[in-house]
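Residue numbers (UniProt numbering), protein chains in the order written: chain V, 1 to 271; chain B, 1 to 271. Heads up, the thing below is written out as structure tokens.
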DNA sequence: CCCAATCCTGTACACTGTAAAGAGTTATTT
DNA sequence: AAATAACTCTTTACAGTGTACAGGATTGGG
């Protein structure tokens with residue numbers, strides 16, 4: 001398995017493809033396929049078999065062209081990955097652009113987008129494995145960003161603070177969902193669940209001396225007994241709640257402070 | 001780049017290698033190399049050229065054995081990746097196991113471990129690209145976990161809560177450092193900085209209609225003008241500060257509540 | 001008509017992880 | 001001492017990857 005770094009191709013060409021702005025060819029045969037068909041086929045493969053199964057040959061075969069014809073439509077695999085990411089980004093299909101936000105309850109709104117972001121990763125786990133080299137500035141991605149930002153709008157935060165809040169929550173969700181996705185993928189590939197794995201290694205762990213790690217062994221014992229390898233849903237909600245508390249202090253500080261006194265990092269001027 | 005999923009090999013064998021507990025071979029020629037030498041060579045390659053440059057052949061060549069001899073020492077590449085992760089985990093070498101924690105200032109302590117965790121990823125960016133299938137239960141990794149946990153010890157938190165706090169902060173750091181690392185890697189591979197990339201695509205962006213994304217375009221304009229693609233250090237500190245505020249509410253609540261009253265999962269601690 | 005642009009294809013190369021089989025070395029058993 | 005089992009290391013081989021290159025087929029503009 002390799003690294004899957006996307007976006008090393010010509011940035012302009014990538015953007016043109018993503019926005020459907022590629023200049024229409026004047027001469028030559030009409031192509032039998034659209035870029036969208038290739039991307040859809042690639043996404044289908046990734047959803048079904050993981051990103052590792054997505055190769056240029058596989059995608060070409062899926063749409064019924066020869067391996068090298070792929071490169072007629074998409075410059076290289078990195079661009080394909082960018083296109084895939086934007087294709088599945090929340091905001092298209094049946095999903096409403098702006099779901100039912102509570103006007104006066106920003107905590108509920110943030111929880112909503114965080115959960116929806118989490119659901120996105122659970123639906124397309126391979127998205128976690130793609131390391132985009134540059135931000136994917138496609139229409140769907142930007143719509144998702146817009147949607148995410150809007151839950152922090154009108155709360156007295158500066159634009160920079162709004163951006164930082166989105167980054168904070170997005171980073172947290174990304175990190176939190178990684179473990180769940182990993183466990184699922186490994187289970188699918190090996191047939192061994194986290195629990196089975198744990199029981200397999202447990203006898204070995206018994207033979208070892210954990211006294212150099214006092215806190216870890218104490219906590220690990222309690223946590224392991226209660227949840228095995230950990231309850232991912234519980235961990236997600238716990239972390240999100242802490243982040244919401246942290247944001248609340250920032251936002252309440254803003255409400256109590258006249259606009260203009262705002263500082264970039266959002267520290268409430270503790271009088 | 002591909003997925004680099006680690007840990008699909010025999011779990012016990014992996015643990016034995018990681019803890020140096022492999023039963024010493026009784027017959028046969030002495031091997032000229034130790035597993036540690038192979039792992040060190042792999043880490044050196046990854047540090048210098050990225051995880052993509054780490055192949056079993058490259059590692060074998062680096063230590064002066066034939067390609068297939070690699071498999072005499074390490075079952076497969078997935079195990080190598082696990083060994084690499086534990087080899088670089090914080091806690092070994094000259095680093096003190098427990099740096100100078102302030103006894104009464106947990107915020108400073110959390111900030112310290114968070115920054116140190118961040119430094120780790122910046123020193124070994126390839127660690128971000130490895131998706132471990134199972135937790136890496138090596139000595140260095142556990143020591144790092146122990147160290148991380150200890151900053152939440154003695155604050156009135158339950159064991160489960162301590163674990164969840166570590167997960168929260170670790171997830172956040174992981175997510176936050178991703179962008180910095182990505183930018184660095186792309187710059188190294190393409191010679192194009194984020195700023196140069198931005199200037200390249202800017203003319204294209206000018207031709208587009210962003211009115212469907214009102215909040216994003218407003219925020220993007222301000223943020224882009226101030227920081228280009230974003231100030232990663234600023235974003236890191238901002239997010240960490242919010243998280244610390246959130247943790248503070250939890251911890252202060254604990255201090256005001258007699259132990260045994262309530263825990264996050266509702267289960268009372270053994271009291 | 002001619003030619004340039006474009007789509008599609010087959011061949012080829014260097015690279016990957018690793019299966020399989022064997023050669024050489026060593027310690028234990030007979 | 002001889003046989004054997006265990007071990008290290010090697011060569012060969014295979015199926016897969018991304019994609020460079022060269023050419024054939026088709027289309028529209030001059």
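The beta carbon of each residue, even a glycine, is placed where N, CA and C say it ideally should be.
Residues in the UniProt domain "HTH tetR-type" (32-92) of chain V with C-beta within 7 Å of chain B's C-beta atoms, listed in sequence order? 51, 52
Of all Cβ atoms in chain B, is any one closer than 8 Å to the Cβ of residue 12 (chain V)? Against the first chain, residue 12 (chain V) aligns to sequence position 12. Yes, contact with chain B.
Residue 204 (chain B) lies in the alpha helix (DSSP H); which residues open and close that run? Taking the first residue of the second chain as position 1, residue 204 (chain B) is located at position 204. Counting along the chain, the alpha helix (DSSP H) containing residue 204 (chain B) begins and ends at 194-206.
Which residues does DSSP pair with residue 56 (chain V) in a beta bridge? Residue 56 (chain V) sits at position 56 when you count from the first residue of the first chain. Looking at the DSSP assignment, residue 56 (chain V) forms no beta bridge with any residue, so it has no partner.
Specify the secondary structure class of residue 132 (chain B) as computed by DSSP and reduced to three states. Here residue 132 (chain B) refers to the residue found at position 132 when the second chain is read from its first residue. Note: residue 132 (chain B) maps to strand in three-state DSSP.
Could you work out which residues of chain B lie near residue 164 (chain V), taking near to mean beta carbons separated by less than 8 Å? As a working mapping, residue 164 (chain V) is identified with position 164 in the first chain. Per Cβ cutoff of 8 Å: 234, 235, 238, 239.
Going by CA-CA distance only, name the one from B:209, B:165, B:45, B:35 that's closest to residue 311 (chain B). What is shown of chain B runs 1 to 271, which leaves residue 311 (chain B) out entirely.
Of all the CB atoms in chain V, is at least one closer than 8 Å to the CB of residue 136 (chain B)? What you label residue 136 (chain B) is simply residue 136 of the second chain in a count that begins at 1. Cβ-Cβ to chain V under 8 Å: no for residue 136 (chain B).
Beta-carbon spacing of residue 243 (chain V), residue 199 (chain V) below 8 Å: Here residue 243 (chain V) corresponds to residue number 243 of the first chain, with the count starting at 1. Here residue 199 (chain V) corresponds to residue number 199 of the first chain, with the count starting at 1. No, these two residues do not count as a Cβ contact at 8 Å.
Taking a Cβ distance cut-off of 9 Å, strictly less, list which residues of the stretch 209-224 of chain B are near chain V, in chain order. 210, 212, 213, 214, 215, 216, 217, 218, 219, 220, 221, 222, 223
Under 7 Å from the C-beta of residue 159 (chain B): neighbouring residues of chain V: Mapped onto the second chain, residue 159 (chain B) falls at position 159. Residues of chain V passing the Cβ test: 218, 219, 222, 223.
Check for me: the alpha helix (DSSP H) holding residue 174 (chain V) runs from which residue to which? Residue 174 (chain V) sits at position 174 when you count from the first residue of the first chain. It spans 159-190 - the alpha helix (DSSP H) in which residue 174 (chain V) sits, taken as one unbroken run.
Decide if the stretch 210-219 of chain B is in contact with the stretch 142-156 of chain V; the criterion is three or more beta carbon pairs, one per stretch, under 8 Å apart. yes
According to the Cβ coordinates, are residue 110 (chain V) and residue 160 (chain V) closer than 8 Å? Taking the first chain and counting its residues from 1, one reaches residue 110 (chain V) at position 110. Taking the first chain and counting its residues from 1, one reaches residue 160 (chain V) at position 160. No, these two residues do not count as a Cβ contact at 8 Å.
If you measure from the beta carbon of residue 156 (chain V) to each beta carbon in chain B, is any gap under 8 Å? On the first chain, position 156 is the one that residue 156 (chain V) refers to. So no, residue 156 (chain V) is outside the interface.
According to DSSP, is residue 126 (chain V) part of a helix, a strand, or is it coil? Against the first chain, residue 126 (chain V) aligns to sequence position 126. The answer is helix: DSSP assigns residue 126 (chain V) an H, G or I state.
Measuring alpha carbon to alpha carbon, tell me which residue in V:11, V:126, V:165 is nearest residue 145 (chain V). Here residue 145 (chain V) is taken as the residue at index 145 of the first chain, counted from 1. Of the candidates V:11, V:126, V:165, the one whose C-alpha sits nearest the C-alpha of residue 145 (chain V) is V:165.
Leaving out five residues before and five after residue 116 (chain V) in sequence, what residues of the same chain have Cβ atoms less than 7 Å from its Cβ? For this step, residue 116 (chain V) is matched to residue 116 along the first chain. Only 90 meet the Cβ criterion.
Applying a beta-carbon distance threshold of less than 7 Å, which residues of chain V neighbour residue 122 (chain B)? As a working note, residue 122 (chain B) is residue 122 in the second chain. Residues of chain V passing the Cβ test: none, with the nearest at roughly 15 Å.
Can you check whether the CB of residue 63 (chain V) is closer than 8 Å to the CB of residue 38 (chain V)? Looking up residue 38 (chain V) in the first chain gives position 38. Looking up residue 63 (chain V) in the first chain gives position 63. Cβ atoms of residue 38 (chain V) and residue 63 (chain V): closer than 8 Å.
Residue interval of the alpha helix (DSSP H) (run including residue 77 (chain B)): Position 77 of the second chain holds residue 77 (chain B). Unbroken alpha helix (DSSP H) run through residue 77 (chain B): 77-88.
I'd like the span of the alpha helix (DSSP H) that includes residue 143 (chain V), first residue to last. Translated into the one-based positions of the first chain, residue 143 (chain V) becomes position 143. Note, residue 143 (chain V): alpha helix (DSSP H), 139-150.
How big is the Cα-Cα spacing for residue 119 (chain B) and residue 194 (chain B)? What you label residue 119 (chain B) is simply residue 119 of the second chain in a count that begins at 1. What you label residue 194 (chain B) is simply residue 194 of the second chain in a count that begins at 1. So the alpha carbons of these two residues sit roughly 21 Å apart.
What first and last residue would you give for the alpha helix (DSSP H) that runs through residue 71 (chain B)? The count along the second chain starts at 1 and reaches residue 71 (chain B) at position 71. Element bounds for residue 71 (chain B): 70-73.
May I have the straight-line CA-CA distance separating residue 201 (chain V) from residue 13 (chain B), to the nearest angstrom? Position 201 of the first chain holds residue 201 (chain V). Position 13 of the second chain holds residue 13 (chain B). Each residue's Cα considered, the two are about 10 Å apart.
Three-way DSSP call (helix, strand, coil) for residue 232 (chain B) in this model: On the second chain, residue 232 (chain B) is found 232 positions in, with the first residue counted as 1. Reduced to three states, the DSSP call for residue 232 (chain B) is helix.
Nearest-angstrom Cα separation, counted from residue 24 (chain B) out to residue 143 (chain B): Taking the first residue of the second chain as 1, we reach residue 143 (chain B) at position 143. Taking the first residue of the second chain as 1, we reach residue 24 (chain B) at position 24. Each residue's Cα considered, the two are about 26 Å apart.
At a CB-CB cut-off below 7 Å, which residues of chain V make contact with residue 15 (chain B)? As a position in the second chain, residue 15 (chain B) is number 15, starting the count at 1. Ordered by position in chain V, the residues that pass the 7 Å Cβ test against residue 15 (chain B) are 201, 204.
Under a CB-based cut-off of 8 Å, is residue 191 (chain B) close to chain V? Counting from 1 along the second chain, the entry for residue 191 (chain B) is found at position 191. No, its Cβ sits nowhere closer than 8 Å to a Cβ of chain V.
Taking its Cβ as the centre, do 16 or more other Cβ atoms sit within 10 Å of residue 220 (chain B), making it buried, or is it exposed? Counting from one through the second chain, the residue named residue 220 (chain B) turns up at place 220. It is buried - the Cβ of residue 220 (chain B) has at least 16 other Cβ atoms within 10 Å.
For residue 157 (chain V), does the count of other Cβ atoms within 10 angstroms reach 16, so buried, or fall short, so exposed? Sequence index remark: in the first chain, residue 157 (chain V) carries index 157 (1-based). Its Cβ being crowded by 16 or more others within 10 Å, residue 157 (chain V) is buried.
8 Å is my cut-off, CB to CB: does residue 112 (chain V) come that close to chain B? By one-based count along the first chain, residue 112 (chain V) stands at place 112. For residue 112 (chain V), the answer is no, since every Cβ of chain B falls outside 8 Å of its Cβ.
How far does the alpha helix (DSSP H) with residue 47 (chain B) in it reach, from first residue to last? By one-based count along the second chain, residue 47 (chain B) stands at place 47. It spans 35-49 - the alpha helix (DSSP H) in which residue 47 (chain B) sits, taken as one unbroken run.
Give the DSSP-derived three-state secondary structure of residue 155 (chain B) in the structure shown. Locating residue 155 (chain B) in the second chain gives position 155, counting from the first residue. In this structure, residue 155 (chain B) counts as coil in the three-state DSSP scheme.
Is residue 246 (chain B) helix, strand or coil when you go by DSSP? On the second chain, position 246 is the one that residue 246 (chain B) refers to. Here residue 246 (chain B) sits in helix by DSSP.
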